[in-house]
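Heads up: the sequence shown is residues 20 to 154, going by the working numbering.
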Amino acid sequence: MAELTGSCLCGGVRFEVTEPFERVAACHCESCKKLSGAGGTVSGRVRTEAIHLIAGEDLVKSFQPTEGSTKTFCSTCGSNLFGAGWPESEHTSVRLSALEEPYEGRIGSHIFVRSLAPWEVLPDDGAERFEVRGA
Ligand SMILES: [Zn+2]
Ligand SMILES: [Zn+2]
Numbered sequence: 020m021a022e023l024t025g026s027c028l029c030g031g032v033r034f035e036v037t038e039p040f041e042r043v044a045a046c047h048c049e050s051c052k053k054l055s056g057a058g059g060t061v062s063g064r065v066r067t068e069a070i071h072l073i074a075g076e077d078l079v080k081s082f083q084p085t086e087g088s089t090k091t092f093c094s095t096c097g098s099n100l101f102g103a104g105w106p107e108s109e110h111t112s113v114r115l116s117a118l119e120e121p122y123e124g125r126i127g128s129h130i131f132v133r134s135l136a137p138w139e140v141l142p143d144d145g146a147e148r149f150e151v152r153g154a
């Protein structure tokens, strides 16, 4: 049974996640800024095998940056969907921006805060902060 469902902006790619997120992190790194068009990404970590594409498998493309893990996006609309090396990795980061339902959980950590932009202000949300990768 789907715990969560997600899609890209054009709706071509749809997926479901069948397990709850183990944790949620906001990443402020340079890569996440470039790919998101914003201050970074907010992602839930889940076992890769709990993610099931239900439409648009042919639209899904991945990009391996020189640093960091593979990022996966819709080749039609550019929406970023997964990080952390999907589908080969044991765990995948699912972008909360792709979820259909409002996600009720809280952010557990802010990572790569060394890459905060001058125009970014971290919320006073009690979440742990890490200079680079989280624990
Ligand atoms: Zn799309
Ligand atoms: Zn990042």
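Yeah, the Cβ is synthetic: ideal placement off N, Cα and C, and Gly gets one too.
Only exposed fits G30, as fewer than 16 other CB atoms lie within 10 angstroms of its CB.
The closest heavy atom of ligand 1 lies less than 7 angstroms from the beta carbon of T95. Going by C-alpha positions, P142 is about 27 angstroms away from T91.
A contact between stretches requires three or more CB pairs, one per stretch, nearer than 8 angstroms, and the segment 60-72 meets this requirement with the segment 30-46. Remark: the C-beta of F131 is in contact range of ligand 2, defined as less than 7 angstroms to any heavy atom. With three or more CB-CB distances shorter than 8 angstroms, the segment 44-61 counts as touching the segment 118-130. E41 and P137 have their C-alpha atoms some 30 angstroms from each other. Among the bridge pairs identified by DSSP, E68 is matched with none.
According to DSSP, residue pairing for C93 in a beta bridge involves V79. The beta carbon of A74 sits closer than 6 angstroms to those of R33, all from its chain and outside the five residues before and after it, given in chain order.
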